[in-house]
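**Q** FYI, in our numbering the residues of the sequence shown are 3 to 618.
Cβ coordinates follow ideal geometry from the N, Cα and C atoms, glycine included.
Computed from a predicted structure; not experimentally measured.
Input: one structure, supplied below.
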Amino acid sequence: MSYCLNPQCQKPHNPSNNRFCQHCGAQLLLEERYRAVKLIGKGGFGRTFLAFAQDLPSEPPCVIKQFLPELLTGSEIDKAKELFAQEARQLEQLGQHPQIPQLLAHFSQEEHLYLVQEFIDGQNLAAELAQEGPFDQDDIKQVLESLLPVLEFVHQQQVIHRDIKPENIIRRSLDRQLVLVDFGAAKLANNAILAKTGTIIGTPGYSSPEQAMGKAIFASDIYSLGVTCLHLLTQIEPLELFDTHENDWAWEHYLTTPMTPQLKAILNKMVAMGTKKRYQSATEILRDLAGVRIPTTTSPQTLLKFLPRLVEIDQKYGYINPEGKMIISLQFDKARHFQKEGLAAVKIGRQWGFITPEGNRQILPQFDDVGDFSEGLAPFKLYKWYWLQSKWGYINTAGEIVIEPQFCEASDFRSGLAAVRLGISWGYIDTQGNMIIEPKFDEACSFQEGLARVRINSKWGYIDNTGEVVIPPRDNGRNFSTELAAVEINRRWGYINSQGILVIQPQYQAALDFSEGLAPVLMETRFLGLLITGEKWGYINKLGIIEIEPQFDWAYSFSEGLAPVKRNNQWGYVNKLGQVIIEPRFDFAAGFIDGLAEVILGGQCRYINKRGNLIY
Numbered sequence: 003m004s005y006c007l008n009p010q011c012q013k014p015h016n017p018s019n020n021r022f023c024q025h026c027g028a029q030l031l032l033e034e035r036y037r038a039v040k041l042i043g044k045g046g047f048g049r050t051f052l053a054f055a056q057d058l059p060s061e062p063p064c065v066i067k068q069f070l071p072e073l074l075t076g077s078e079i080d081k082a083k084e085l086f087a088q089e090a091r092q093l094e095q096l097g098q099h100p101q102i103p104q105l106l107a108h109f110s111q112e113e114h115l116y117l118v119q120e121f122i123d124g125q126n127l128a129a130e131l132a133q134e135g136p137f138d139q140d141d142i143k144q145v146l147e148s149l150l151p152v153l154e155f156v157h158q159q160q161v162i163h164r165d166i167k168p169e170n171i172i173r174r175s176l177d178r179q180l181v182l183v184d185f186g187a188a189k190l191a192n193n194a195i196l197a198k199t200g201t202i203i204g205t206p207g208y209s210s211p212e213q214a215m216g217k218a219i220f221a222s223d224i225y226s227l228g229v230t231c232l233h234l235l236t237q238i239e240p241l242e243l244f245d246t247h248e249n250d251w252a253w254e255h256y257l258t259t260p261m262t263p264q265l266k267a268i269l270n271k272m273v274a275m276g277t278k279k280r281y282q283s284a285t286e287i288l289r290d291l292a293g294v295r296i297p298t299t300t301s302p303q304t305l306l307k308f309l310p311r312l313v314e315i316d317q318k319y320g321y322i323n324p325e326g327k328m329i330i331s332l333q334f335d336k337a338r339h340f341q342k343e344g345l346a347a348v349k350i351g352r353q354w355g356f357i358t359p360e361g362n363r364q365i366l367p368q369f370d371d372v373g374d375f376s377e378g379l380a381p382f383k384l385y386k387w388y389w390l391q392s393k394w395g396y397i398n399t400a401g402e403i404v405i406e407p408q409f410c411e412a413s414d415f416r417s418g419l420a421a422v423r424l425g426i427s428w429g430y431i432d433t434q435g436n437m438i439i440e441p442k443f444d445e446a447c448s449f450q451e452g453l454a455r456v457r458i459n460s461k462w463g464y465i466d467n468t469g470e471v472v473i474p475p476r477d478n479g480r481n482f483s484t485e486l487a488a489v490e491i492n493r494r495w496g497y498i499n500s501q502g503i504l505v506i507q508p509q510y511q512a513a514l515d516f517s518e519g520l521a522p523v524l525m526e527t528r529f530l531g532l533l534i535t536g537e538k539w540g541y542i543n544k545l546g547i548i549e550i551e552p553q554f555d556w557a558y559s560f561s562e563g564l565a566p567v568k569r570n571n572q573w574g575y576v577n578k579l580g581q582v583i584i585e586p587r588f589d590f591a592a593g594f595i596d597g598l599a600e601v602i603l604g605g606q607c608r609y610i611n612k613r614g615n616l617i618y
């Protein structure tokens, strides 16, 4: 597909090979090499497009930024072009840093100014926050240690970013490095435009008081980075974290995990309202940050990166490290993956217990069945005389029974509640075992994003944490993921938001969860747009627009920038542009977790890295 860059074009979508727009006649190729395929951003001073460089054999993706000085006339436009060239030179210098996108080209065409920059394949921190939940102090320290040297470099070039926020920080899929993006927009919004329109560059809540008055300084970027950290720590919007009555931040009240006083002090100094009370440079912060000592209790997110990976050989289970070395020998009859609490369920003979990442038996095998730990508790089952009397309860990470066995079925805790079955009906208990939502549902799922999916008279609806049905039952549905949930109505799937409003109309044969902005859906394929030729999986965005054309026999959600897809009975991986990154050759493929993915090859469980190389 090609996207027409003419701002006045009413029908910008064109076939891939067109050189000119079939609707307005505008040239589709920029500089005879860059072809825009999708509009990905729009602001007061221009638009941003995903594009491909067609002059290179691999046709690598890139980003086109189109500057539209619509409010300028005459000499102001000439001045804008002069400043544009100056800013392009600055962006070229900035792109020399490995954590800033490279500037590939800058030019004017058909009275418009363009920048072409490197495309960063990855997930921004806003999406990561929505998917993984609040960051802890380890994560925030790593964010600061990664981005402060970038900010130091930027300020040395006499540049102020002006719009630091989670959406403008991307964790690159290739190496997991944080990349600071979206420099061009603020710099292109030059003083001539600001003076003419009164527009202030930045995002409300993240912009410092002086920047809101049009007087940004280097310390303004420090403020924005600090506010970004507060949002990542609390998952609460900045404007809600600020106490207007006290004229100060109230973020510490919303922390869900411990934080050292030293790191708190650094963050508070970064977001000080007065510029004289704030850090003046990134170098100062790095100096103070070097003295921060965080206790060795590893965070769940950090721990997960080093947890052993499960393997199975000849019906025995063991664990390898991320380099593929066997570190817990093949000794278990059944076993599960390690969870964020740092424990894995293992079975010896007929009994289940839990081990640590070192292979130590944290909870001796003694249970007839167990679930996984979540929020410090795990369900367990004990048989009493015969199977009809088996009951489920909950243990803590020390193996102590916290909630006595009494339930016919029990699920993991989410948001402080767990679905349990008594008799034929499901309800929800809290971590003390108190029944918070009385058993009245035919089936119940764990809470996700504040809502839980429940079955009522063969249909599925959603309840809040009081048990009230807030979204009426429909034919079928899935759990909420990044603010949307797939629902089935009259044998077609679409998506609703948390208010129950259909935001993507039912039209698909099947639909899975959104992740990293895309969802796999099963669509009818047609010949010449008319004759139905079959069904294939593709990917849509949250507007319901097809991002990756239906072409796969099966597909799963994205993780770390890649998604498992099946073609001709073999599994491989594609990126968010639909490009095949790892050729299909596996019997099965799962999603990536911290750089590794579990695959089945020749009937054996193996692991690959993001280059597709087997590490075990």
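If you follow the alpha helix (DSSP H) that Asn270 is in, where does it begin and where does it stop?
**A** Note, Asn270: alpha helix (DSSP H), 263-272.
**Q** Using the beta-carbon count (16 or more within 10 Å), is Ala187 buried or exposed?
**A** Reliability fails at Ala187, whose pLDDT of 44 lies under 50, so the model's placement of it is uncertain and the value that follows must be treated cautiously. Ala187 is buried by the Cβ-count criterion.
**Q** Helix, strand or coil for Gln333 per DSSP?
**A** Three-state result, Gln333: strand.
**Q** Using C-beta distances below 6 Å, list every residue in its chain close to Ala513, excluding the 5 sequence neighbours before and after it, in chain order.
**A** Around Ala513: Ala488, Trp495, Val523.
**Q** Among the residues of its own chain, which have a CB less than 7 Å from the CB of Pro240, if the five just before and after it don't count?
**A** For Pro240, where only same-chain residues beyond five positions count, the Cβ hits under 7 Å are Gly207, Tyr208, Val229, Leu232, His233.
**Q** Based on Cα-Cα distance, which residue from Gly373, Gly614, Asp123, Glu526 lies nearest to Ile172?
**A** If we check each option's Cα against that of Ile172, Asp123 comes out closest.
**Q** Please state whether DSSP places Asn16 in a helix, a strand or coil.
**A** Asn16: strand per DSSP, three-state reduction.
**Q** Taking 8 Å as the cut-off, does the region 111-118 touch the region 555-569 (at least 3 CB pairs, one atom from each stretch)?
**A** Taking 8 Å as the limit for Cβ pairs, the verdict is that the region 111-118 does not touch the region 555-569.
**Q** Taking the alpha carbon of Ile617 as the reference point, which residue from Ala129, Leu243, Glu325 has its own alpha carbon closest?
**A** When each option's Cα is compared against that of Ile617, the closest is Glu325.
**Q** Taking the C-alpha atoms as reference points, what is the distance between Trp394 and Ile403?
**A** One C-alpha to the other measures close to 11 Å.
**Q** Have a look at Phe334 and Gln606 and give me their C-alpha separation to the nearest angstrom.
**A** Cα to Cα, the separation comes out at about 17 Å.
**Q** Which residue from Gly604, Ala599, Glu518 puts its Cα closest to that of Gln572?
**A** Checking every option, the nearest Cα to that of Gln572 belongs to Gly604.
**Q** To the nearest angstrom, report how far apart Ala128 and Ala274 are at their CA atoms.
**A** Each residue's Cα considered, the two are about 23 Å apart.
**Q** Cβ atoms of Gly540 and Ile547: under 8 Å apart, would you say?
**A** For Ile547 and Gly540, no; Cβs fall outside 8 Å.
**Q** Report yes or no: do three or more beta-carbon pairs, one from the region 130-141 and one from the region 244-264, lie closer than 8 Å?
**A** Yes: at least three Cβ pairs fall under 8 Å.
**Q** If you reduce the DSSP assignment to three classes, tell me which class Cys231 lands in.
**A** Helix.
**Q** Name the DSSP bridge partner or partners of Glu120?
**A** DSSP output for Glu120 lists Cys64 as bridge partner(s).
**Q** May I ask you to report which of helix, strand or coil DSSP gives Leu85?
**A** DSSP places Leu85 in helix when its eight states are reduced to three.
**Q** Which residues bound the alpha helix (DSSP H) around Glu212?
**A** Start and end: 211-214.
**Q** DSSP state of Ile595, grouped into three classes?
**A** In the structure shown, Ile595 sits in a strand (DSSP, three-state: E or B).
**Q** Going by DSSP in three states, Lys544 sits in which element: helix, strand or coil?
**A** Coil at Lys544, not helix or strand.
**Q** Determine the extent of the beta strand (DSSP E) in which Lys279 is found, giving its start and end residues.
**A** First-last for Lys279: undefined, no H or E at that position.
**Q** Can you confirm whether the region 579-595 touches the region 207-222 when touching is taken to mean that 3 or more C-beta pairs between the two stretches lie within less than 8 Å?
**A** No: the two stretches stay apart, fewer than three of their Cβ pairs being nearer than 8 Å.
**Q** In chain order, what are the residue ranges of uninterrupted beta strand (DSSP E) at least 3 long that sit wholly in the region 321-401?
**A** The region 321-401 contains these whole beta strand (DSSP E) runs: 328-334, 346-350, 353-357, 363-369, 379-386, 388-398.
**Q** Beta strand (DSSP E) containing His108: first to last residue?
**A** Per DSSP, His108 belongs to the beta strand (DSSP E) from 105-111.
**Q** Which of the three DSSP states, helix, strand or coil, is assigned to Leu196?
**A** Caution is warranted here: a pLDDT of 46 is assigned to Leu196, below 50, making its placement in the model unreliable, and no coordinate value can be reported.
**Q** Looking only at its chain, what residues have a beta carbon closer than 7 Å to the beta carbon of Gly536, apart from the 5 residues adjacent to it on each side?
**A** Here the set comprises Thr527.
**Q** Considering only residues of the same chain and omitting the five flanking positions on each side of Ser483, which have a CB-CB separation below 6 Å?
**A** Hits under 6 Å: Asp515, Phe516.
**Q** What does DSSP give as the partner residue(s) for His25 in the beta ladder?
**A** Per DSSP, none; premise fails for His25.
**Q** Considering Ser517, what are the terminal residues of the beta strand (DSSP E) in which it resides?
**A** Element bounds for Ser517: n/a, residue is neither H nor E.
**Q** Take Asp444 and list the residues in its own chain whose beta-carbon comes closer than 6 Å to its own, dropping the five residues that flank it on each side.
**A** Closer than 6 Å at Cβ, skipping near neighbours: Arg457.
**Q** If distances are taken between C-alpha atoms only, which option among Phe375, Leu379, Ile397, Arg178 comes closest to Gln368?
**A** Checking every option, the nearest Cα to that of Gln368 belongs to Ile397.
**Q** Name the DSSP bridge partner or partners of Ile238?
**A** DSSP, once it has assigned bridges, lists no residue as partnering Ile238.
**Q** Could you spell out the range, first to last residue, of the alpha helix (DSSP H) harbouring Ala284?
**A** Run containing Ala284: 284-291, per the alpha helix (DSSP H) assignment.
**Q** Here's the rule I'm using: 16 or more other beta-carbon atoms within 10 Å means buried, otherwise exposed. How should Met437 be labelled?
**A** Flag for Met437 reads exposed.
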